[in-house]
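Undergrad:
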Ligand code: H2U
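In the numbering used here, the protein residues as written are 30 to 377.
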């Protein structure tokens, strides 16, 4: 028996942010593949689509008309999953049937009036305006009574459930802190109490030293494939400095955040020369008025593509019943992304 190593042998890796394990089976990436092959979607779109409900000047499904916006545009979701006027109430029957009312505000953010663009094809100053919208909305929504968490996210690509190719993201803000940020908050708190520094301050410093999982870096931000990544090309964008939410970012850091968002997504698109689908979102401190020195904000990217423009990873079988599993290692995925060009394939 050879000595245990992470490149050849099955192992489980801990996600210290969530406290959960994932299974890594590097030897399995050599197995033959006879699974599903889909045709990549056509990605030719006009700058303006008269039928798009997010294009400037067009009517949305609910009958409201979008203004003639020039950069970003935010509106309250016409089909909000959370509503601000939901009455308070709860049910608790023998600890077995528990429910409580949930309320909140949901918004949609158009990233650009250009129907044909996506984040990796936008310029950094335009993406910076998206970062500014996130800051404004986090502040405005978060300061409302009864809003204790602001989840900013983006679904990109129809395979991730995105309903419209027009570049856009969403915000769902709620009374309760949702499951993922609760777990991450608890683990970051425990680490901070033990070490006096945020978990991600120490983690990012170590990753920068090691270099093997780094995808891109600028002065104040880094994009990396986390050691505990579940999705094949999962990545996170993290500020090098401990900042608990987007409002703590300096002007320079906001621009660097936009730059990192572009750099990572350009590499994503270049990987299979296709508009790379993902769900991405920012995890940051709750907005209940308390201090969260342990929280270190970060943006997660969960892309489903695995082998080509059409073959995606399925979260089925063992993943649904036991624990998430991956074949290609985080290090292998980071190396592939890192070595890709910084110029978008459509601009070559
Ligand atoms: P997704 O593409 O990630 O589904 O986001 C689009 C959101 O836009 C979706 O939540 C909303 C949908 O409810 N929407 C409106 O608010 N108004 C419309 O006219 C169409 C879609």
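Yeah, the Cβ is synthetic: ideal placement off N, Cα and C, and Gly gets one too.
1. Anyone know if the C-beta pair for residue 180 and residue 310 falls short of 8 Å?
2. For residue 131 and residue 178, what's the separation of their Cα atoms in angstroms?
3. Let's test the definition: count the other Cβ atoms within 10 Å of the Cβ of residue 208 and tell me whether it reaches 16, buried, or not, exposed.
4. Put residue 210 into one of helix, strand or coil per three-state DSSP.
5. Does at least one heavy atom of the ligand SAM sit under 7 Å from the Cβ of residue 199?
6. Within the same chain, show all residues whose beta-carbon is closer than 7 Å to that of residue 363, passing over the 5 residues directly before and after it, in chain order.
7. Throw me the rounded Cβ distance for the residue 305 and residue 334 pair, which I believe falls under 8 Å.
8. Does DSSP put residue 191 in a helix, in a strand, or in coil?
9. Roughly how many angstroms lie between the CA atoms of residue 165 and residue 275, to the nearest whole one?
10. Per DSSP, what kind of secondary structure is residue 146 in: helix, strand or coil?
11. So residue 176 packs on residue 134, CB below 8 Å; how close in whole Å?
12. Could you pull the DSSP bridge partners for residue 139 from this structure?
13. Across the region 115–131 and the region 152–166, are there enough close Cβ pairs to call them in contact, namely three or more that are closer than 8 Å?
14. Rounding to the nearest angstrom, what Cα-Cα distance links residue 370 and residue 353 in this structure?
15. For residue 220, is the beta carbon positioned less than 7 Å from some heavy atom of the ligand H2U?
16. Report back the beta-carbon spacing between residue 227 and residue 323 to the nearest angstrom; my notes put them in contact at under 8 Å.
17. May I ask whether a heavy atom of the ligand H2U can be found less than 7 Å away from the beta carbon of residue 78?
18. Where are the alpha helix (DSSP H) runs, 4 residues long or more, that stay fully inside the region 277–323, in chain order?
19. With respect to the beta strand (DSSP E) encompassing residue 50, which residues constitute its N-terminal and C-terminal limits?
20. Do residue 106 and residue 136 have their beta-carbon atoms positioned less than 8 Å apart in this structure?
21. Could you pull the start and end residues of the alpha helix (DSSP H) that residue 239 belongs to?
22. Contact check, residue 265 vs residue 344 under 8 Å by CB: the rounded distance?
23. Rounded to whole angstroms, what is the Cα-Cα separation between residue 199 and residue 183?
24. For residue 262, count neighbouring C-beta atoms within 10 Å of its own C-beta (all shown protein chains included) and say buried if the count is 16 or more, exposed if not.
TA: Let's see:
1. yes
2. 12 Å
3. exposed
4. helix
5. By its list of ligands, the structure shown excludes the ligand SAM, since it contains just the ligand H2U.
6. 241, 242, 243, 244, 253 and 254
7. 6 Å
8. coil
9. 9 Å
10. coil
11. 7 Å
12. 102 and 197
13. no
14. 30 Å
15. no
16. 6 Å
17. no
18. 280–301
19. 49–53
20. yes
21. 228–239
22. Rounded, the Cβ-Cβ distance is 19 Å, inconsistent with contact.
23. 6 Å
24. buried
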